[in-house]
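K.L.:
Sharing a structure below in C-alpha cells format, with a few things to ask.
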Amino acid sequence: MSGAPENSWTVKVREKAVEALPPEKLLPDGQPTYVASWIYVFGVASIASLVVIITSGSILALKGPAWWHYTGIGHFFNSIHMWSVELFFFVMVVHLWGKYWMSAWRGGRTRVWITGAITFLVAVPTALTGYVSQQNFDAQWISTQAKDGLNSVGVGAFFNVTNFGQMYSFHVLLLPIAVVVLVSAHVLLVRRHGVVPPIELHARLAIVPGSEAPAPAATAVGADS
Amino acid sequence: MSLLHPKDDTKPWTGRYQPYDLVKEACIAIGVIALLAIVAAVLFSSPDDKPSTVAQWSRQLPVDFVKTAATELDGTSGTATYGPPYNHESGSVQHFLFLHPQRWLGVSHPINTAEDYVIGPLETVPNDPTLQRALDEYTSAPEKTQKAWGEAYAKPLEEDAEAEEEGKPLPKTVTVNATTGTVGVQASGTGPVPTMMTSLLSLARSGGLDGSLLTSRQFFQTDYTKPLLFMADGGLLDKRAEEQHLGGDEWGMMNETGSYPGQAWLWLYALWYQIEPFKNSPNADILVMLIMGVLSVAFICVPFIPGVRDLPRKIPIYKLIWREHYRAIRPRSSA
Amino acid sequence: MIHAGLGVVMGAVFDLNHPAHVVHWHFIKLPLANVIVIGLMLVVFAIVIALPFPGAARRAAARRGAGAS
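Chains as they are written, first to last, in the numbering used here: chain A, 1 to 225; chain B, 1001 to 1335; chain C, 2001 to 2069.
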C-alpha cells in the first residue's frame, strides 16, 4: 500500500466499506440455524429472475426493437423475457408476503424493508414501459389508456407513454439501472444486518442454542448485528 | 418507544450457524428460473397482435374514420377537447379538491387537431386543384363559418354512429361505396368540408396519413403520440380491445391480448375503477392515482404503521416458518 | 435453413392467441390466466411454508456444536 495521506478519500471509503461489510460478511459461508424454510429461497429467486430478465432483454436490445416481430428466434427471446417478468413478480411478491409475516424489518432492518418496497414500486413502471415499447396492438392500447391516469396527475407532461423513443430509453436503460441499484442496496443491507432472527415467543424462551446462559433481558430496540 | 418506533425486542443472533452455500444457491436459482422461463416460452410463446394503422382504420371503418376526422377538424374530438398536456381545453382535465396537477404542469405536447390531423396532411397532397381550392376556402373563412360547416357535416355521421351503437336501422344520409370505400354524407351547408374529408380518407387509405402524422416535425421520429391519439379518438382500437377483454370495465390494465397472463400486479390499481364512487366519477383517474400513491407510501412505511406492523404477531404464520427453530429451543422437561 | 428450422421449433405448443375466458364473480371480471397466476401464488406461498426444508440433520448438528462455523 502507498503511504496515502491521512485525508485520502480512497482510504476512507475503503475502510468504511470493509468495516460495514468485511468479506466474510459480504459472502458468508454459513447462515443461522433458523434459516430453515423454503420461503427463504424466494429472495434469491427474485434475483435469479432479474438476471434472466436482463439477459434476455439484452439480447432483444442487441438486435433492436423490431427484431422479435419478424424472426422466430427473436420471438422466442421475447417469450423468455415476458415469462421471466411474470416469474419475477410472482417470486418477488411471495418473497414480500414471507418477509411481511416474518416482520423482517425488526432489529434495525427498516431500510431493508424500505429498499425492498421501493424496488417493487420501481419494477412496476419498468414493466409498464416494456409493455408500451412492444410496438404492437397491446402497446397501442396500453399507452392510449395509461396516458389518462398519468395525465391526470401531471406526470404525462414529462413522461409520455405514447412516445416510443422515451419509453424505450426508460425501459432499456434508466429503470433497469434503478432496479439493479435498489436490489444491490437491499441485498447489501441484508448482508450487513443478517437475516432477521425469529420473533421471540416468550422472554424465558430466549435461550439462544449453544450459549452458556440465557440471553440478556430484552432491550427496547434491537441493535444491529 | 414511540408511535413510530415500536418496542423491538429483536436481539442480534448469537447462536449457531449452519454451512450455507449462497453462491451455489444463486447459481441453482438462476438455472431453475431460466429453465422455467424457457419451458414457458416453448409451451406458450408470447402474444404479438399486429398494431393497427391509420390506413387499416380508414379501410375497415371508413365512416368511423371520417366522423373522427370531422370532429378533429371542428375541435370537438376527445383529443381536441382534452386539455393539458395537449391543449388548453378542459374536457379531460381532472382535479381533487385544491389539487390541479394536470393544469399546473401545463401544455407540454401541443396538438392542434384541425391543423395536425386534417389541414396539414392535406396540404402535402400534390396536384389536386379541387382540394387546394377547398383548403383555401376553409382556411380563409371566419371561425364561426368553419364551425358551422363542421357541425353540419358531422351531424349525420353522429346520428349514424348512435344508430349503430343502439342497434337501430342506420339513417340513409351516410353511405359507403363498397368498391372505392369512399364515404358519402348527405347534408347541406357543409362548405368545402366534404371535399377535404374525401381527400383525407383517400390519403389515409393509401398509407400516406400514417407517414404524414409521424414525420411532421423531422425525418427521424420515435414519437407516436399524434397517430395514437388520432386512432384512440376513433373506434378501431376500442373495437379490438373489447374483443380481447382489455376495457377498463374489465380490469383492462391488468390484462394481455389472447389468453396470456398480463400485469396481474396492477390488480389493486385496476380494482378501484370497478367500484363507486370511482366508476362513474369524471375525476376517477386522479382519485385512483392519489389513493395508490398514499397506499404506496404506506407500503414503504409498513414498519412505522401501528396495527399493520403488528398483524404478523397476531396472525402467527411466523410460527410455521420458524417451527424447527422453536422446537429446538423449547426447554426440555427434566427426566 | 437453421433460421427457418428454429422458427418452427420456436412456435408455441399451446396456442394462447384466442380471446380470454373471463372469470366473473360479483364485480370481479378477470381473465382466467390472471386468476391462475394469482391463485398459484397463494398456493405456492402455503406450500413453501408447510414443506420441510432439507438439511435438518445438519442444522441439528450445528446446534449441538458439531461442525459449526
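The beta-carbon is built from N, C-alpha and C at its ideal position, and this holds for glycine as well.
(1) Measure the beta-carbon distance from P1171/B to P1156/B and round it to whole angstroms, keeping in mind my assumption that it falls under 8 Å.
(2) I'd like the span of the beta strand (DSSP E) that includes I1111/B, first residue to last.
(3) Which whole-angstrom value describes the C-beta separation of N136/A and D1049/B, a residue pair presumed to lie in contact below a C-beta threshold of 8 Å?
(4) What ranges does the beta strand (DSSP E) occupy inside the region 1089–1156 of chain B, keeping only unbroken runs of at least 3 residues that lie completely in it?
(5) For V1302/B and chain A, any beta-carbon pair shorter than 8 Å?
(6) Under a Cβ-count criterion, where at least 16 other Cβ atoms within 10 Å of its own Cβ denotes burial, should P1303/B be classed as buried or exposed?
(7) Report the three-state DSSP secondary structure of Y131/A (helix, strand or coil).
(8) Using CA coordinates, which residue listed in A2062/C, K2029/C, L2030/C and V2048/C is at the minimum distance from W97/A?
(9) On the CB-based measure, 16 or more other CB atoms within 10 Å of its CB, does D29/A come out buried or exposed?
(10) Hey, could you find the ends of the beta strand (DSSP E) I1329/B is sitting in?
(11) So W68/A contacts chain C; which residues on that side make the cut at Cβ distance below 8 Å?
(12) Please report the residue range of the beta strand (DSSP E) in which L2030/C lies.
(13) Check the Cβ of L2051/C against every Cβ in chain A and list those closer than 9 Å, keeping chain order.
(14) Assuming the contact rule is C-beta atoms closer than 8 Å, A2012/C and S1045/B should be a hit. Round their C-beta distance to whole Å, please.
(15) With burial defined as no fewer than 16 other Cβ atoms inside 10 Å of the residue's Cβ, what is the status of I1329/B: buried or exposed?
(16) In the DSSP assignment, what are the bridge partners of V1302/B?
(17) Once DSSP output is grouped into helix, strand and coil, what is the label at P1019/B?
(18) Give the range of the alpha helix (DSSP H) segment to which G74/A is assigned.
(19) Is DSSP giving G1293/B helix, strand or coil here?
(20) Helix, strand or coil, according to DSSP, for G1075/B in the structure here?
(21) DSSP three-state call for V1193/B: helix, strand or coil?
(22) Can you tell me the Cα-Cα spacing of L1214/B and L87/A, whole angstroms?
(23) On a Cα-Cα basis, can you pick out the residue from N1087/B, D1128/B and P1012/B that is closest to L1200/B?
(24) Applying a beta-carbon distance threshold of less than 7 Å, which residues of chain A neighbour F1299/B?
(25) Tell me, to the nearest whole angstrom, how far the beta carbon of Y168/A is from that of P65/A; I am working on the premise that it is less than 8 Å.
(26) Short of 6 Å in beta carbon distance, which residues of its chain neighbour A2068/C, apart from the five on each side in sequence? Order them along the chain.
(27) Go through its chain and collect everything with a Cβ distance to K1226/B's Cβ below 8 Å, but skip five positions before and after it.
(28) Under the rule that 16 or more other beta-carbon atoms within 10 Å means buried, what is T115/A, buried or exposed?
(29) In chain C, which residues lie less than 7 Å from I1321/B when you measure between Cβ atoms?
(30) Which same chain residues, not among the five before or five after A127/A, have their C-beta less than 7 Å away from its C-beta?
(31) Check G30/A in the structure and name its three-state DSSP category.
(32) Would you mind telling me which residues of chain B sit closer than 8 Å to G2055/C, beta carbon to beta carbon, in chain order?
(33) If you follow the beta strand (DSSP E) that H2024/C is part of, which residue opens it and which one closes it?
(34) Per the contact definition of three or more C-beta pairs closer than 8 Å, is the region 1012–1021 of chain B in contact with the region 40–56 of chain A?
(35) Can you check whether the C-beta of A1264/B is within less than 8 Å of a C-beta belonging to chain C?
(36) Nearest to Y1260/B by alpha carbon, out of D1008/B, P1047/B and V1039/B?
P.N.:
Based on what the coordinates show:
(1) 7 Å
(2) Segment: none, I1111/B is in no beta strand (DSSP E) and carries neither H nor E.
(3) 6 Å
(4) none
(5) yes
(6) buried
(7) helix
(8) V2048/C
(9) exposed
(10) Taken as a continuous stretch (DSSP letters only), I1329/B belongs to no beta strand (DSSP E), being part of the alpha helix (DSSP H) at R1323 to I1329.
(11) Those do not exist, as W68/A stays about 11 Å from chain C at its closest Cβ, beyond 8 Å.
(12) I2028 to P2031
(13) Those within 9 Å of L2051/C in chain A are S37 and W38.
(14) 3 Å
(15) Buried, by the Cβ-count rule.
(16) None; V1302/B has no bridge partner.
(17) strand
(18) G72 to W101
(19) The answer is helix: DSSP assigns G1293/B an H, G or I state.
(20) In the structure shown, G1075/B falls within a coil segment according to DSSP collapsed to helix, strand and coil.
(21) helix
(22) 36 Å
(23) D1128/B
(24) A117
(25) 6 Å
(26) Confidence in A2068/C is poor, its pLDDT being 42 and thus under 50, which makes the residue's placement too unreliable to answer from.
(27) Taking K1226/B as the centre and dropping the five residues before and after it, the same chain places the C-beta of I1111, D1116, Y1117, L1213, L1214 and S1216 closer than 8 Å to its C-beta, in chain order.
(28) Buried, since its Cβ has 16 or more Cβ neighbours within 10 Å.
(29) I2049
(30) The beta carbon of A127/A lies closer than 7 Å to those of V85 in the same chain, with the five residues before and after it left out.
(31) Looking at G30/A - three-state DSSP - the assignment turns out to be strand.
(32) Q1018
(33) For H2024/C, the uninterrupted beta strand (DSSP E) segment begins and ends at V2022 to W2025.
(34) no
(35) yes
(36) P1047/B
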